[in-house]
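2 protein chains.
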Amino acid sequence: MLTPWNDLSMAELTVLETAFWSSRTSRHALAGLLDYSKSKANATVAALIERGLLQEAGLQSSSGGRRPEGLRLSERLGVVAGVDLGATSVDVALMAPDLSIRAHHAEAIDVRAGPGVVLPRVRAVLRELLARLGLEARDVMGIGMGVPGPVAFDQGMLVAPPLMPLWDGFSIREDLRQDYTAPVFIDNDVNLMALAEQWRLRRQLPDFLVLKVGTGIGCGIICHGQVHRGATGSAGDVGHICVDQQGPMCHCGNRGCVEAMAAGPAIARLAEEAARQGDSALLAEWFERDGQLLPEQVAQASRAGDATASGIVQRAGGLIGQMLASLVNFFNPSHVFIGGGVTNVGPLFLAAVRQSVYQRSLALSTRHLEIQFSPLGGHTGVTGAGVLAMQETLRTRGVAP
Amino acid sequence: MLTPWNDLSMAELTVLETAFWSSRTSRHALAGLLDYSKSKANATVAALIERGLLQEAGLQSSSGGRRPEGLRLSERLGVVAGVDLGATSVDVALMAPDLSIRAHHAEAIDVRAGPGVVLPRVRAVLRELLARLGLEARDVMGIGMGVPGPVAFDQGMLVAPPLMPLWDGFSIREDLRQDYTAPVFIDNDVNLMALAEQWRLRRQLPDFLVLKVGTGIGCGIICHGQVHRGATGSAGDVGHICVDQQGPMCHCGNRGCVEAMAAGPAIARLAEEAARQGDSALLAEWFERDGQLLPEQVAQASRAGDATASGIVQRAGGLIGQMLASLVNFFNPSHVFIGGGVTNVGPLFLAAVRQSVYQRSLALSTRHLEIQFSPLGGHTGVTGAGVLAMQETLRTRGVAP
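Residue numbers (this note's numbering), protein chains in the order written: chain A, 1 to 401; chain B, 402 to 802.
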């Protein structure tokens with residue numbers, strides 16, 4: 001598979017990108033979206049069909065009298081590989097150009113073992129998935145990968161990742177180039193969540209945030225319809241925003257970082273303190289049984305009506321809301337989607353976040369603001385990786401920087 | 402003057418926009434910037450010259466062997482009107498398409514008197530300036546106006562401005578349409594500062610912030626090379642970000658807003674307290690003489706070596722830096738330019754801001770971060786208004802929404 005990206009005109013690339021985002025669009029809709037004349041849209045589509053890059057998708061389901069033909073990216077473009085690397089697991093998928101999953105595999109890994117251990121395994125899984133579909137390395141049109149740390153996007157590598165020092169400055173892109181000529185794009189997990197949300201919403205919202213609250217706290221930013229990565233790729237690193245000058249010391253050397261006071265480990269630590277002090281019989285019972293408490297157990301106790309657990313959940317939500325209020329005043333997003341492990345904590349947490357934001361943000365900023373849990377499901381990471389791969393492959397004409 | 406915007410092709414509009422930003426560019430440079438073939442660039446330029454929209458600017462000054470012809474927007478496009486409305490003054494200018502100032506007038510006004518008093522005066526000044534140049538209303542190609550409050554950009558009006566309630570929901574655009582068919586664009590003063598910085602830097606920086614610290618605190622945001630106004634136009638309203646949960650009550654109803662603790666009035670109030678308590682002989686002397694202290698006097702005392710005044714300045718800078726650290730972690734800008742009255746306070750203030758940001762922001766975010774006073778001079782407001790008018794007139798093909 002050798003897609004002749006360099007031969008494509010700007011109009012052809014734009015039509016491919018639009019077809020990717022709107023999936024099963026018609027020539028008529030394309031012309032409208034792109035402000036092309038009918039003849040220009042028709043000619044561009046015809047050229048792309050002839051090259052085998054776009055295909056007719058049969059008649060579109062239509063509720064009215066119109067029966068426009070649907071257009072979609074051709075499967076002859078190849079497959080997109082998506083890799084979602086977490087701290088303790090990796091998720092690998094091969095997807096059609098419309099990001100429907102054609103083959104998938106997940107397994108436990110320890111990311112701290114370093115790229116020398118993890119990447120050979122990722123490459124082996126990719127080979128197995130390709131074999132399962134009867135495909136070869138040259139059928140892969142683009143590769144996207146999410147990693148749990150700060151990324152220098154242009155270089156395709158992690159930079160000073162606190163949880164995985166062996167990856168610092170290692171070129172994941174070069175490593176995968178041993179097997180693939182397709183371009184490789186690396187991004188952090190939160191930016192991939194933002195891309196997955198954008199995909200779910202078909203790019204309808206230009207300015208929104210995705211806040212991930214789990215072991216750490218990070219934020220994906222969509223601005224003017226694009227991921228905002230910032231000047232050095234560290235945009236959205238909000239875990240060390242201060243919410244209490246007199247708060248506890250954080251490992252970063254400052255006091256009162258929101259991550260140190262309200263992320264999963266802080267919730268667990270507060271619950272353990274409460275258990276030790278006898279504030280909650282339920283938490284004390286579990287703590288004695290297990291020797292530790294997990295954030296999920298605090299959530300469970302809160303849902304069971306335990307007032308101490310609910311207090312901890314509300315306090316965490318309030319602090320995160322206080323941090324978020326600053327971001328809302330500054331950025332004025334239309335939506336904030338909250339994801340990560342903390343979504344299991346439930347509505348009490350969300351209510352506390354909302355209350356804190358509405359109290360501390362300006363009326364004009366919150367007038368139409370929606371704060372909700374992200375509705376994304378299990379394949380968020382690989383979907384985001386697929387969006388990254390497709391979008392950047394089209395943007396760079398198949399050549400990673 | 403009836404510029405036939407609707408007849409222009411996308412390529413022609415793009416060349417005009419590029420010529421606006423790069424001023425006196427060559428055909429060769431245009432082709433390179435826009436990824437056009439030499440023949441497409443030449444044909445587009447020729448068509449625009451024939452229409453009288455672009456003109457040869459004579460031979461470009463060149464330091465080497467090259468002597469490319471310069472191209473610039475034609476003066477036949479007309480003049481751009483820029484209005485910078487402050488709380489107590491208004492600045493009005495007519496500019497050539499390259500934003501050189503052709504006529505200018507500034508005078509004191511009280512913006513609180515409302516649009517029924519202020520706008521007739523603005524319109525009279527515009528008429529006088531046009532007459533001075535021997536021009537008429539139809540020679541104005543676009544109008545930009547900055548106002549000191551939150552703006553609904555698409556509607557061209559202020560929304561709930563705290564300092565000027567009579568302007569709430571008043572359509573400035575409709576008012577100016579009585580005199581002009583040219584499109585009218587309204588934005589807040591901080592966004593115009595950001596546009597003026599972008600103009601000074603010839604659009605070289607894609608992601609930066611402009612922080613204005615005066616009576617209030619506001620922030621202009623350039624993201625992906627464009628002003629980010631947010632979902633409801635209130636992006637950058639950072640004055641009410643909390644920097645101290647136990648801080649003094651702000652008029653917004655919350656405690657510890659950075660504006661209430663570190664903007665001009667807070668600096669003056671702290672100095673008056675110090676004067677009353679006898680902490681500074683110099684401040685006490687001035688306070689007794691004038692019955693009040695101004696932020697400029699605190700700056701003057703600090704520069705004269707007064708330790709109390711310097712402490713107040715450093716504390717304000719530290720708090721603003723703490724707020725800015727949150728924005729830096731979130732947005733990861735390459736530069737922060739600080740403007741507004743506080744720039745008179747001098748290097749001690751700037752040093753305190755920097756120290757606070759570098760201490761509280763992540764290393765990756767501050768590795769290449771520049772924090773400096775804005776070098777923009779006296780015509781910042783009208784220049785920003787001119788950039789707004791030119792850019793939006795081209796983008797909307799001369800029709801305001």
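From the three backbone atoms N, C-alpha and C, an ideal C-beta is built for every residue, glycine too.
Rounded to the nearest angstrom, what separates residue i and residue j at their Cα positions?
{"i": "Val118/A", "j": "Val83/A", "result": "12 Å"}
{"i": "Gly116/A", "j": "Ala284/A", "result": "43 Å"}
{"i": "Ile721/B", "j": "Val591/B", "result": "16 Å"}
{"i": "Ala597/B", "j": "Gly785/B", "result": "4 Å"}
{"i": "Gly156/A", "j": "Pro563/B", "result": "47 Å"}
{"i": "Met565/B", "j": "Leu294/A", "result": "52 Å"}
{"i": "Gln60/A", "j": "His28/A", "result": "Low confidence applies to Gln60/A: its pLDDT is 49, below 50, so where it sits in the model is not reliable, and the reading given next is rough at best. The straight-line gap from Cα to Cα measures roughly 12 Å."}
{"i": "Glu56/A", "j": "Asn344/A", "result": "42 Å"}
{"i": "Arg798/B", "j": "Ala389/A", "result": "35 Å"}
{"i": "Ala307/A", "j": "Val243/A", "result": "24 Å"}
{"i": "Gly741/B", "j": "Pro401/A", "result": "40 Å"}
{"i": "Pro150/A", "j": "Ser766/B", "result": "10 Å"}
{"i": "Val659/B", "j": "Ile642/B", "result": "6 Å"}
{"i": "Val447/A", "j": "Val79/A", "result": "No answer is possible for residue 447/A: it lies beyond the span of chain A, which begins at 1 and ends at 401."}
{"i": "Ala81/A", "j": "Met261/A", "result": "37 Å"}
{"i": "Leu13/A", "j": "Leu130/A", "result": "27 Å"}
{"i": "Val382/A", "j": "Lys439/B", "result": "42 Å"}
{"i": "His625/B", "j": "Asp154/A", "result": "15 Å"}
{"i": "Leu500/B", "j": "Gly318/A", "result": "48 Å"}
{"i": "Val416/B", "j": "Gly787/B", "result": "19 Å"}
{"i": "His368/A", "j": "Phe330/A", "result": "15 Å"}
{"i": "Phe208/A", "j": "Ser361/A", "result": "16 Å"}
{"i": "Leu593/B", "j": "Gly230/A", "result": "22 Å"}
{"i": "Arg716/B", "j": "Val111/A", "result": "43 Å"}
{"i": "Phe170/A", "j": "Gly214/A", "result": "25 Å"}
{"i": "Ala420/B", "j": "Ala299/A", "result": "59 Å"}
Just to confirm the assignment, what range does the beta strand (DSSP E) spanning residue i have?
{"i": "Val90/A", "result": "89-95"}
{"i": "Phe774/B", "result": "771-774"}
{"i": "Val758/B", "result": "Premise fails: Val758/B lies in the alpha helix (DSSP H), 748-761, not in any beta strand (DSSP E)."}
{"i": "His335/A", "result": "335-339"}
{"i": "Asn589/B", "result": "585-589"}
Could you give the residue range of the alpha helix (DSSP H) that holds residue i?
{"i": "Arg503/B", "result": "Segment 502-509 is the beta strand (DSSP E) holding Arg503/B; no alpha helix (DSSP H) there."}
{"i": "Ala444/B", "result": "439-451"}
{"i": "Val15/A", "result": "10-22"}
{"i": "Gly384/A", "result": "380-395"}
{"i": "Leu478/B", "result": "No alpha helix (DSSP H) contains Leu478/B, which DSSP labels as neither H nor E."}
{"i": "Asp576/B", "result": "573-578"}
{"i": "Arg768/B", "result": "Here Arg768/B belongs to no alpha helix (DSSP H), and DSSP marks it neither H nor E."}
Can you tell me which of the options puts its alpha carbon nearest to the alpha carbon of residue i?
{"i": "Ser374/A", "options": "His104/A, Pro347/A, Leu77/A, Ala81/A", "result": "Pro347/A"}
{"i": "Gln292/A", "options": "Ser302/A, Arg24/A, Ile267/A", "result": "Ile267/A"}
{"i": "Asp35/A", "options": "Leu350/A, Ala325/A, Ala11/A, Thr215/A", "result": "Ala11/A"}
{"i": "Val122/A", "options": "Arg112/A, Ala281/A, His105/A", "result": "His105/A"}
{"i": "Gln178/A", "options": "Gly225/A, His228/A, Arg138/A", "result": "Arg138/A"}
{"i": "Ala263/A", "options": "Asp207/A, Met323/A, Phe208/A", "result": "Met323/A"}
{"i": "Gly471/B", "options": "Leu495/B, Ala448/B, Gly515/B, Ser423/B", "result": "Ser423/B"}
{"i": "Leu534/B", "options": "Ile502/B, Glu508/B, Gly515/B", "result": "Ile502/B"}
{"i": "Val342/A", "options": "Pro333/A, His335/A, Ala352/A", "result": "Ala352/A"}
{"i": "Ala160/A", "options": "Glu75/A, Val213/A, Ser234/A", "result": "Ser234/A"}
{"i": "Asp408/B", "options": "Phe421/B, Ala432/B, Leu454/B", "result": "Leu454/B"}
{"i": "Ala595/B", "options": "Phe738/B, Trp687/B, Arg425/B, Ser703/B", "result": "Phe738/B"}
{"i": "Pro734/B", "options": "Ile109/A, Ala103/A, His335/A, Gly236/A", "result": "Gly236/A"}
{"i": "Ile573/B", "options": "Gly515/B, Gly712/B, Gly619/B, Gln627/B", "result": "Gly515/B"}
{"i": "Val90/A", "options": "Ile49/A, Asn42/A, Pro120/A", "result": "Pro120/A"}
{"i": "Ala325/A", "options": "Tyr358/A, Ile221/A, Arg289/A", "result": "Tyr358/A"}
{"i": "Ala356/B", "options": "Leu474/B, Phe688/B, Ala494/B, Ser410/B", "result": "No statement about residue 356/B is possible, as the shown extent of chain B runs from 402 to 802 and does not include it."}
| said: Check whether the stretch 190-210 of chain A and the stretch 121-134 of chain A touch, using three or more Cβ-Cβ pairs below 8 Å as the test. | reply: no
| Which ranges does the beta strand (DSSP E) cover as unbroken runs of at least 3 residues, wholly within the stretch 597-660 of chain B, from first to last along the chain? | Counting only runs of 3 or more residues that sit fully inside the stretch 597-660 of chain B, the beta strand (DSSP E) segments are 609-614, 618-624, in chain order.
| query | Touch check for the stretch 539-547 of chain B and the stretch 581-590 of chain B: three-plus C-beta pairs under 8 Å? | reply | yes
| Continuous alpha helix (DSSP H) assignments of at least 4 residues falling wholly in the stretch 276-309 of chain A | 281-290, 295-303
| query | Within the chosen definition, does the stretch 271-280 of chain A reach the stretch 245-261 of chain A through at least 3 CB pairs nearer than 8 Å? | reply | Contact check between the stretch 271-280 of chain A and the stretch 245-261 of chain A: fewer than three CB pairs, one atom from each, fall below 8 Å, which does not count as touching.
| Completely contained beta strand (DSSP E) runs for the stretch 506-565 of chain B, where each covers 3 or more residues | Fully enclosed beta strand (DSSP E) runs of 3 or longer: 541-548.
| task | Taking only beta carbons into account, state which residues of the stretch 234-247 of chain A come closer than 9 Å to chain E, listed in chain order. | result | Going by chain labels, chain E is absent from the structure shown, which instead holds the protein chains A and B.
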